[in-house]
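Colleague: Residues 41 to 222 (this note's numbering) are what the sequence shown spells out, left to right.
For glycine and all other residues, C-beta sits at the position ideal for the given N, C-alpha and C.
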Amino acid sequence: MDIKVGHCWRFVTINTHSSWLPGDERGFRNRDHRIHSSGDYKNPPPKDEHAGLRKFNQDNSTQMVKISKLLRSIIGLAIIARLKKEGYRILAISVSFDHVHILVELPDDIPTIKRIMGRCKRNACEAVKHEMPGTIWSSGGDWKPVDDQERQDNSYNYVLTKQRPRAWTWSFKDGQTQALLD
Numbered sequence: 041m042d043i044k045v046g047h048c049w050r051f052v053t054i055n056t057h058s059s060w061l062p063g064d065e066r067g068f069r070n071r072d073h074r075i076h077s078s079g080d081y082k083n084p085p086p087k088d089e090h091a092g093l094r095k096f097n098q099d100n101s102t103q104m105v106k107i108s109k110l111l112r113s114i115i116g117l118a119i120i121a122r123l124k125k126e127g128y129r130i131l132a133i134s135v136s137f138d139h140v141h142i143l144v145e146l147p148d149d150i151p152t153i154k155r156i157m158g159r160c161k162r163n164a165c166e167a168v169k170h171e172m173p174g175t176i177w178s179s180g181g182d183w184k185p186v187d188d189q190e191r192q193d194n195s196y197n198y199v200l201t202k203q204r205p206r207a208w209t210w211s212f213k214d215g216q217t218q219a220l221l222d
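1) The alpha helix (DSSP H) with T201 in it runs from where to where?
2) When the Cα of E145 is compared with those of S178, V186, I115 and A207, which residue comes out closest?
3) Cβ atoms of I153 and W183: under 7 Å apart, would you say?
4) Is T53 closer than 7 Å to S134 when the C-beta atoms are compared?
5) Is it buried or exposed, L200, if we count other Cβ atoms within 10 angstroms and call 16 or more buried?
6) Only counting the same chain, and skipping five residues up and downstream in sequence, which positions put a Cβ closer than 8 Å to that of Q263?
7) When DSSP builds the beta bridges, which residues end up paired with R50?
8) Starting from the C-beta of M157, find all residues in its chain whose C-beta is less than 7 Å away, skip the five residues before and the five after it, and write them out in chain order.
9) Per DSSP, T56 is paired with what?
10) Tell me where the alpha helix (DSSP H) around S134 begins and ends.
11) Can you tell me the Cβ-Cβ gap for D138 and M104, rounded? I've got them flagged as a contact below 8 Å.
12) So, K109 versus R204, is the Cβ gap smaller than 7 Å?
13) Could you give the first and the last residue of the continuous alpha helix (DSSP H) run that contains K169?
14) Assuming contact is defined by CB atoms lying nearer than 7 Å, are I120 and A164 in contact in what I supplied?
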């Protein structure tokens, strides 16, 4: 796992707009952890925890943005193109109906990562603007560091094989690109 100086491999997650609201049954935390659940998506909190907040957000939020099967590859390739244009190495990406996972080497600086991912989101929006006008992405994202080879291998496997049915996936392996849509 060779790394450019000043860079770090990251497991990036970006969600579609309104796909994970405060009060979500899968667990949640809002900005700066002012409010958060006792669980997470692997160990969900009790069903009634933050039920009022969940109902409020469901009633007052826009409808969740869903990426159609036909547009997932276009969005994935647009994100890859932007990352490559900026000189970043990508090992794997998946696009499902409500989120994107990327295993990518990025500068080891969160504000810079946020700007890079913002440009990737804009590039994806531009690629599908006629089919999906308006807001596609939620703000922010998650950019967990991948600190060792085992974690990189696990992240790579997760992006390519542990996604929902009909997820579009792409990987860089042995100098080859592979795109799959099941």
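Modeller: In short:
1) As a working note, residue 201 is residue 161 in the sequence shown. Taken as a continuous stretch (DSSP letters only), the alpha helix (DSSP H) holding T201 covers Q189 to T201.
2) Stepping through the sequence shown from its first residue, residue 145 is reached at position 105. That would be V186, whose Cα lies nearest to the Cα of E145.
3) For the purposes of this step, residue 183 is taken as residue 143 along the sequence shown, with counting starting at 1. For the purposes of this step, residue 153 is taken as residue 113 along the sequence shown, with counting starting at 1. The answer is yes: Cβ separation under 7 Å.
4) To locate residue 134, count along the sequence shown from 1; it is residue 94. To locate residue 53, count along the sequence shown from 1; it is residue 13. Judged by their CB atoms, S134 and T53 are not nearer to each other than the 7 Å cut-off.
5) For the purposes of this step, residue 200 is identified with residue 160 of the sequence shown, where counting begins at 1. Looking at its Cβ environment, which holds 16 or more other Cβ atoms inside 10 Å, L200 is buried.
6) Not covered by the structure: residue 263. The range shown for the chain is 41 to 222.
7) As a first step, residue 50 is located in the sequence shown; it is residue number 10 there, counting from the start. Bridge pairing for R50: V144 and P185 [DSSP].
8) By 1-based counting over the sequence shown, the position of residue 157 is 117. Hits under 7 Å: V52, I54 and G181.
9) In the sequence shown, counting from the first residue as 1, residue 56 sits at position 16. Beta-bridge annotation (DSSP): T56 is paired with W177.
10) Position 94 of the sequence shown, counted from the start, is the residue given in the question as residue 134. Premise fails: S134 lies in the beta strand (DSSP E), I130 to V135, not in any alpha helix (DSSP H).
11) The count along the sequence shown starts at 1 and reaches residue 138 at position 98. The count along the sequence shown starts at 1 and reaches residue 104 at position 64. The beta-carbon distance between D138 and M104, rounded to whole angstroms, is 7 Å. This is short enough to meet the 8 Å contact definition.
12) In the sequence shown, the residue the question calls residue 109 occupies position 69. In the sequence shown, the residue the question calls residue 204 occupies position 164. No, Cβ-Cβ distance for K109 and R204 is not below 7 Å.
13) In the sequence shown, residue 169 corresponds to position 129, counting from 1. Careful: K169 lies outside any alpha helix (DSSP H) and carries neither H nor E.
14) Sequence index remark: in the sequence shown, residue 120 carries index 80 (1-based). Sequence index remark: in the sequence shown, residue 164 carries index 124 (1-based). For I120 and A164, no; Cβs fall outside 7 Å.
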